[in-house]
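Read through the structure below, which is laid out as structure tokens, and then see the notes.
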DNA sequence: TTGAAAGCGCTACCAG
DNA sequence: CTGGTAGCGCTTTCAA
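Chains as they are written, first to last, in the working numbering: chain A, 1 to 334; chain B, 1001 to 1334.
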């Protein structure tokens, strides 16, 4: 089942078969029909590798995420995938589980695949990797990391402003003992987001007593971090989570400790994933437009298509505080 | 950056470069070092397409799922992915969103990629597709669908028995008005699982009044199905869900309608995904060993590796009822 | 409108 | 241990 067999059966050259398969409008109708018939009869299936190799260009985009269990990433993927399909592209996803070595492996694999573009949606990036990607000359778009340059674009959300909104809101509600639940960063001892929290608090709410706890990104991580937090003796009146996914885990541990939300302690998430509306109590969170991120990512990756975002650009998305049931005024001291 | 350039720089033939890149232990140490140096200096990245084309075999497995938002599929994928990586394989995932056309497209794409094996984890399969896959001669493993034959293996779970366990348990608790919340099957008017419920009820609990509701697989679908159910005037004392993911949506709608779980109505899920323990109340559900499924899938796909599952086989996994907070005795009639 | 043929980058076989 | 070379299946000039 190769082009040649089809060609033979249709009594044309492989070039012609290739033409009809690629919808090149120069083939005579009758020839075309003959070829299609042969394709059908032989149940011919093209070989993508041969096609990519010969054509020199791939119709595949790559997307690397830190944690595909977190619905946030899945949402971005789906938006990107939809756009890609609409334009005849495929997207293959790779998961790093926040492991640096896996990130390196995934990036190399994507390069080996000669993807038409690569979206890197991970928390932290090694600068040598950025360098390597830059030199690879393939269109790359990062989420929330690195600075744009030549083939490297950037989509980021104003995380600082989001955390600020949360802290201010909680502060106004009277909270003076806050905790931040984050997840392990790929590199460095302190995650960027954790640092953002710390700085925001000291700037906007200096008289607040705070603590941070860190664990794996996920339901279990949120739960565990909370257990540690409580175990340390600290009694926050509000727990600010790095994302909704972990917040749901926090909610569970609190429930098990007999602490009511929001009566005893307020909890906030981040991302506004669908689940944040389906847990109990529903999470107060910060909305991040994941669909837009997916669309922007696609635009950034398209090589030359008309009227799309040029490479080497950066776009910053703003966030929005979403008030729901998990937050309330600070509990009255008895 | 092709093999040839590396060869030139290292002053060896492309054959030799290929050998060191593929760890073929016949190259002299000094030559090897020279090649590696050239690779390093040129930042050479192999071309996977050329490699696959020339070698005639791919190190990629494919996996097609119906709904990657549902953690069930993600869990299976992760187990498979882990095994694959451990053996030097990659797995690319495709999502069909329960759309038949998308399934066809995904399968064709996988064939075009010449994957070394394909896992098809979707609810329903067209028999012509099964035929096509069978003829493709590539190792394929289905989940819960079709019958094994030559290159087609099968992993399934005893869904019937699982539903039976749920119905019996609920029946013993005194429930006589049950509802089943399912999701759209790809084909046919009634999903297999819905039918299983109906048959189980009539066999094991003939005097039970029941109804079914169907919607999209997901949080929103579960919620919507429940709303419709309640809207119809039917007042089940127990709602059996096709999976945990939808059950979480059911829980939310019930809460909004002011119905308490399990005091007013019991709810059960299926799959025992992590989330089922993190929602409130925690779901009584049926455990499906997703890790094992992933491992079995991998084994079924491995061509000839020693001591692995031969192709064309079928393995049926049993389930286990997990009792948690979402079920209880039928509410007393006042 | 169609065919012939030169690669695309790599693997694998055959010599040496 | 290493080099030469024939493809793998397809796209893409260049001629016809």
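Cβ atoms here follow ideal geometry from the backbone N, Cα and C, with glycine treated the same way.
Everything numeric in this text was worked out from a predicted model, so none of it was measured.
Can the beta-carbon of residue i be found less than 9 Å from the beta-carbon of residue j?
i, j, result
"residue 248 of chain A", "residue 279 of chain A", "yes"
"residue 1215 of chain B", "residue 1237 of chain B", "no"
"residue 1181 of chain B", "residue 1122 of chain B", "no"
"residue 124 of chain A", "residue 245 of chain A", "no"
"residue 1347 of chain B", "residue 1252 of chain B", "Past the edges of chain B, shown from 1001 to 1334, lies residue 1347 of chain B, and the structure says nothing about it."
"residue 6 of chain A", "residue 19 of chain A", "no"
"residue 1120 of chain B", "residue 1143 of chain B", "yes"
"residue 1092 of chain B", "residue 1314 of chain B", "no"
"residue 1183 of chain B", "residue 1191 of chain B", "yes"
"residue 254 of chain A", "residue 284 of chain A", "no"
"residue 37 of chain A", "residue 10 of chain A", "yes"
"residue 45 of chain A", "residue 1106 of chain B", "no"
"residue 113 of chain A", "residue 1048 of chain B", "yes"
"residue 53 of chain A", "residue 1 of chain A", "no"
"residue 330 of chain A", "residue 174 of chain A", "yes"
"residue 319 of chain A", "residue 158 of chain A", "yes"
"residue 1235 of chain B", "residue 1282 of chain B", "no"
According to DSSP, what are the bridge partners of residue i?
i, result
"residue 1030 of chain B", "Paired residues: none, contrary to the question."
"residue 1241 of chain B", "B/1181"
"residue 172 of chain A", "Residue 172 of chain A is not bridged to any residue."
"residue 1090 of chain B", "B/1060"
"residue 986 of chain B", "Here chain B comprises residues numbered 1001 to 1334, so residue 986 of chain B is not present and cannot be evaluated."
"residue 1274 of chain B", "DSSP output for residue 1274 of chain B lists no bridge partner at all."
"residue 1314 of chain B", "B/1154"
"residue 121 of chain A", "A/65"
"residue 1284 of chain B", "B/1268"
Apart from the five residues just before and just after residue i, which ones in its own chain have a Cβ nearer than 8 Å to its Cβ?
i, result
"residue 1220 of chain B", "1249"
"residue 1152 of chain B", "1130, 1133, 1134, 1140, 1141, 1142, 1146, 1311 and 1312"
"residue 223 of chain A", "249, 250, 252 and 253"
"residue 1082 of chain B", "1294"
Step through the CB atoms of chain B and report whether any lies within less than 9 Å of the CB of residue i.
i, result
"residue 328 of chain A", "no"
"residue 11 of chain A", "no"
"residue 63 of chain A", "no"
"residue 207 of chain A", "no"
"residue 78 of chain A", "yes"
"residue 99 of chain A", "no"
"residue 28 of chain A", "no"
"residue 52 of chain A", "yes"
"residue 302 of chain A", "no"
"residue 74 of chain A", "yes"
"residue 202 of chain A", "no"
"residue 95 of chain A", "yes"
Who are the Cβ neighbours of residue i in its own chain at under 6 Å, not counting the five residues just before and after it?
i, result
"residue 197 of chain A", "163 and 180"
"residue 262 of chain A", "326, 327 and 328"
"residue 290 of chain A", "75 and 76"
"residue 110 of chain A", "62 and 118"
"residue 1160 of chain B", "1196"
"residue 272 of chain A", "285, 287 and 322"
Taking only beta-carbon positions, decide if residue i is within less than 9 Å of chain A.
i, result
"residue 1258 of chain B", "no"
"residue 1083 of chain B", "no"
"residue 1006 of chain B", "no"
"residue 1219 of chain B", "yes"
"residue 1324 of chain B", "no"
"residue 1090 of chain B", "yes"
"residue 1071 of chain B", "yes"
"residue 1058 of chain B", "yes"
"residue 1223 of chain B", "yes"
Short of 7 Å in beta carbon distance, which residues of its chain neighbour residue i, apart from the five on each side in sequence? Order them along the chain.
i, result
"residue 1168 of chain B", "1204"
"residue 80 of chain A", "63, 91, 119, 294, 297 and 298"
"residue 230 of chain A", "257"
"residue 274 of chain A", "71"
"residue 1292 of chain B", "1317"
Quick one: does the C-beta of residue i sit closer than 8 Å to a heavy atom of the ligand ADP?
i, result
"residue 183 of chain A", "In terms of ligand content, the structure shown is empty, and the ligand ADP therefore cannot be addressed."
Fill in: Under 8 Å (Cβ pairs) to chain A, residues found in the segment 1266-1292 of chain B
Residues of the segment 1266-1292 of chain B with a Cβ closer than 8 Å to any Cβ of chain A, in chain order: 1274, 1275, 1277, 1278, 1279 and 1280.
Fill in: Contact list for the segment 1107-1140 of chain B against chain A, Cβ threshold 8 Å
Near chain A, meaning a CB-to-CB distance below 8 Å, the residues of the segment 1107-1140 of chain B are 1108, 1109, 1111, 1112, 1113, 1114, 1132, 1135 and 1136.
Discussion item. Along the segment 1157-1188 of chain B, where does the CB come closer than 7 Å to a CB of chain A? Name the residues.
Written reply: So the list is empty, because no residue satisfies the distance condition.
Discussion item. If the cut-off is 8 Å on Cβ atoms, which residues from the segment 1031-1050 of chain B count as contacting chain A, listed in chain order?
Written reply: Correct list: 1043, 1045, 1046, 1047, 1048, 1049 and 1050.
Fill in: Under 7 Å (Cβ pairs) to chain A, residues found in the segment 1241-1257 of chain B
In summary, the residues of the segment 1241-1257 of chain B whose CB is separated from some CB of chain A by less than 7 Å are 1248, 1249, 1252 and 1255, in the order they occur in the chain.
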